[in-house]
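Novice: For the sequence shown, this note's numbering assigns the number 115 to the initial residue and increments by one for each residue that follows.
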Amino acid sequence: SYYWQREEMDDGKVQRFEVKDGKLVELEALGKMSMLTVDALADFITFAAKNYPADKYTLFMWDHGGGTPIYYGYDELFPYDQLYDVEIGSALEKAGVSFESIIFDACNMCTLEVAMAIKDYAKYMVAAESYTWDIGMSYDVWLNYLDDNRNASALESCELLVTEYMESIAKRDLIGSMSLINLSKIQNVYDAYEDYLVSVYNDLKNDGYAEYIKARSACGEYGGTESVDLITLATAYHTDMSTELMNAVVNAVYYTDSDFLYGHGLAAYSPYAIVEKYDIARSNMEDLGYTSEVLECYDAFVSINMAYTGQDFVDDYAGAWFDSDIAYSYVEADTEAGEYYLETTEKDGYYAICLSEDDWNIVSTVEAGVIVVLDDENGLLLGQDYYYVYDEEGDIAIDLPDYWVRVNGTIASYVCTDIYEDVNTGEWSQSGLIYARCNGQEAMLIVYYDEDYPQGTLVGYMPYDFVTEEYGQVQQLRDDDVIELISPIMNTNTGKIAYENVTGESILASDIELTYESIVYEGYEVIAYYVVYDIYGNTYTTDDFYF
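1. Let me know the secondary structure DSSP gives Phe161 once reduced to three states.
2. Identify every run of the beta strand (DSSP E) within the segment 324-369, keeping only runs that are complete inside it and at least 3 residues long; order them along the chain.
3. Contact between the segment 457-477 and the segment 438-447: three or more CB pairs below 8 Å?
4. Could you spell out the range, first to last residue, of the alpha helix (DSSP H) harbouring Thr582?
5. Drop a sphere of 10 angstroms on the beta-carbon of Lys233, count the other beta-carbons inside from all chains shown, and report buried for 16 or more, exposed for fewer.
6. Work out the CA separation of Ile184 and Gly145 for me, nearest whole Å.
7. Going along the chain, which residues of its own chain have a beta-carbon closer than 7 Å to the beta-carbon of Ala231, five neighbours each way excluded?
8. Could you pull out every unbroken alpha helix (DSSP H) segment of at least 4 residues lying fully inside the segment 399-454, listed in chain order?
9. Relative to the C-alpha of Glu535, which residue among Ile295, Gly377 and Thr246 is closest?
10. Can you check whether the CB of Met399 is closer than 8 Å to the CB of Leu409?
11. Find out if the Cβ-Cβ distance for the pair Ala284, Tyr238 is shorter than 8 Å.
12. Using the C-alpha atoms, what's the distance from Lys137 back to Trp518?
13. Could you tell me how far apart the beta carbons of Ala382 and Ser341 are, in whole angstroms, since I believe they sit closer than 8 Å?
14. Along the chain, which unbroken stretches of the beta strand (DSSP E) at least 3 residues long are found entirely within the segment 287-329?
15. What residue range is occupied by the uninterrupted alpha helix (DSSP H) comprising Leu260?
16. As a quick exercise: from Tyr549, Asn553 and Gly554, pick the residue whose alpha carbon is nearest that of Ile560.
17. Which partner residues of Ser545 appear in the DSSP bridge assignment?
18. What is the rounded straight-line gap between the Cα of Thr653 and the Cα of Asp594?
19. With a threshold of 8 Å on Cβ separation, who are the neighbours of Leu197 within its own chain once the five nearest residues in sequence on each side are excluded?
20. Any heavy atom of the ligand GDP closer than 7 Å to the CB of Ile217?
21. For Val200, which of helix, strand or coil comes out of DSSP?
22. One question on the structure: do Glu227 and Thr182 come within less than 8 Å of each other, judged by their Cβ atoms?
23. In the DSSP assignment, find the beta strand (DSSP E) that holds Ser478 and state where it starts and stops.
24. Got a sec, what are the start and stop residues for the beta strand (DSSP E) Ile216 sits in?
25. Based on Cα-Cα distance, which residue from Tyr660, Ile626 and Val367 lies nearest to Asn296?
26. Taking the C-alpha atoms as reference points, what is the distance between Ala306 and Gly322?
27. For Ala134, write down the residues that DSSP places opposite it in a beta bridge.
28. Find the nearest neighbour of Arg130 within the set Phe161, Glu121, Trp118 and Gln119, judged by alpha-carbon distance.
29. Is the beta carbon of Tyr630 sitting closer than 8 Å to the one on Gly570?
30. So, helix, strand or coil for Trp247, using DSSP?
31. Can you give me the Cβ contacts of Ile476 inside the same chain, cut-off strictly under 8 Å, excluding the 5 residues immediately before and after it?
32. What are the residues that DSSP puts in a beta bridge with Pro577?
33. Could you please give the first and the last residue of the uninterrupted beta strand (DSSP E) stretch that includes Ala382?
34. Whose CA, out of Tyr315, Ala241 and Thr606, lies closest to the CA of Asp489?
35. Per DSSP, which residues does Arg551 bridge with? Please list them.
36. Output yes or no for whether 8 Å exceeds the beta carbon distance between Gln590 and Trp256.
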């Protein structure tokens, strides 16, 4: 809604209300002020504790979230304000109130960094490693439970929040996660993680970058936050300290439920793809009191990563922490990640990509792109998928995908963003984006696949600028949201891309049906090309192959 539905509430100012005899009664009008400052959070806590004293306190924090290096909160009147993890801790310290539990009804806040920031001010934390949905926690169920069970423990009531939330999103065919963390065990997790990172650092100093980054790239991702599940990381990149770290996490995660195969309850910042934000993350971790042993490992990894990307990248984003000794022990100072031609080999009736064992050791992703030729000048970009098949000799056979994503029967322009496979069980999941407009705004629909959702499930959308590729916060689709499928149309002469609603139709979000069906190319000329990405940031692209 774009207007207030309660006449007691005024736009553009902060008010405090009390529910009295079933009505809202205004207590204070604080005027126009940012809700995302240390003072604002601390003042709210002290006001509540002073005016409504209790034996036990719980703090709920609802809004956008992101953990490190993103932040918590969004205030539409003060869009450049935010609260970093350490600032939440500072507000709690300033308020001087001890909490039974702190609940984050916000995305991506179940991280080691958030837990370290609040561990001295609460017994328990409830938060999600993944995104959360704006249907929110079941506050009514929680309050009624406490009313009926006055002696209930914080553990019991917090576990109820987790189970009720996960049940409520499952009823809506949404996926997510939620965890209950024992904050008294978080220091042990940090200590074990420090030991683990020291072992990683030692490997980095001994030519271990390739093995580590390849393992890190296979850990699944939580929407560009640079957080990784700690147990998944410790399993994917195993050191002598992995078992110690996994045990510490298991002891700290009192209860967790996750739809993500790579979700085991607690994540941590682990720079990988968005290292240009490392400077912000590092400052936050310094303020949290992270030791030099932890920061040196991060510094080394990010320094190597940046050096492979190129000197311009180093000049733009590296800080005083940049470790030139280790970075340039791997790569020459003037090296720059580039785009290269990927050769193919003609075989018996088809072409193949022939990679050696050494090549495969540094491959991070193999991606197939598909373009449907519309006429002499235009081609429809069907999208990219992490798709390839092997021939009998173990080489990648250049071919067209047999299946593709459809929305209400219409083939969608789709881009795969992540694929994960559990090496022990063989279970898999895949995430991707569909070009769309949501209520007239450019956006990407977010799709998730796994063995429970082989046809895919639509889990939300994010505002997305097709030209700049800038994206906003993940949003939940509402039933009355109007969706248009958008197809990128490339002019093959100029290379320019137009984004069009080819069908001219729109769909209500409540009526969307996802399928993953066979695709028939008959009647069209189709172009396929393959792109291989290596762990050093290089891109290798084949010729276009016409079918």
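Even for Gly, the Cβ is constructed at its ideal location relative to N, Cα and C.
Specialist: From the atom records:
1. In this structure, DSSP gives Phe161 a helical state, which the three-state scheme calls helix.
2. Taking only runs of at least 3 residues, the beta strand (DSSP E) segments lying wholly in the segment 324-369 are 341-343.
3. No contact exists between the segment 457-477 and the segment 438-447.
4. Bounds of any alpha helix (DSSP H) do not take in Thr582, whose DSSP letter is neither H nor E.
5. Buried: at least 16 other Cβ atoms inside 10 Å.
6. When rounded, the distance between both Cα atoms is 28 Å.
7. Asp199, Val200, Ile202, Gly203 and Leu402, listed in sequence order.
8. Counting only unbroken stretches of 4 or more residues, the alpha helix (DSSP H) elements lying wholly within the segment 399-454 are 406-423, 425-431 and 438-444, in sequence order.
9. Residue Gly377 is the option with its Cα nearest to Glu535.
10. Met399 is positioned such that its CB atom lies closer than 8 Å to that of Leu409.
11. Result no, Cβ atoms of Ala284 and Tyr238 do not sit closer than 8 Å.
12. Those two C-alpha atoms are separated by around 53 Å.
13. Between Ser341 and Ala382 the Cβ distance is about 7 Å, and since that is below 8 Å, they are a contact.
14. Qualifying beta strand (DSSP E) stretches, in chain order: 291-296.
15. It spans Tyr253 to Asp262 - the alpha helix (DSSP H) in which Leu260 sits, taken as one unbroken run.
16. Nearest option by C-alpha distance: Tyr549.
17. Ser545 is bridged to Asp532 and Tyr562.
18. Here the alpha carbon of Thr653 sits roughly 41 Å from the alpha carbon of Asp594.
19. Excluding sequence neighbours, Leu197 sits near Leu150, Thr151, Val152, Leu155, Tyr185, Tyr186, Gly187 and Ala205.
20. With respect to the ligand GDP, the structure offers nothing, as it holds no ligand at all.
21. DSSP places Val200 in the helix class (H, G or I) of the three-state scheme.
22. Yes; because the gap between Cβ atoms is below 8 Å, this pair is in contact.
23. Start and end: Val477 to Val487.
24. In the DSSP assignment, Ile216 falls within the beta strand (DSSP E) that extends over Phe213 to Asp219.
25. Nearest option by C-alpha distance: Val367.
26. Cα to Cα, Ala306 sits roughly 20 Å from Gly322.
27. In the sequence as presented, Ala is not what sits at residue 134; that position holds Lys. In the DSSP assignment, Lys134 forms a beta bridge with Lys137.
28. Residue Phe161 is the option with its Cα nearest to Arg130.
29. Contact flag set, yes.
30. Trp247 falls in the coil class under three-state DSSP.
31. The residues Ala324, Lys328, Asp648, Ile649 and Tyr650, in chain order, have a CB closer than 8 Å to that of Ile476 in the same chain once the five nearest residues on each side in sequence are set aside.
32. Bridge partners of Pro577: Ala557.
33. First-last of the beta strand (DSSP E) with Ala382: Ala381 to Tyr383.
34. The shortest Cα separation from Asp489 among Tyr315, Ala241 and Thr606 belongs to Thr606.
35. Listed as beta-bridge partners of Arg551 by DSSP are Glu556 and Glu598.
36. Cβ distance not < 8 Å, so Gln590 and Trp256 don't count as in contact.
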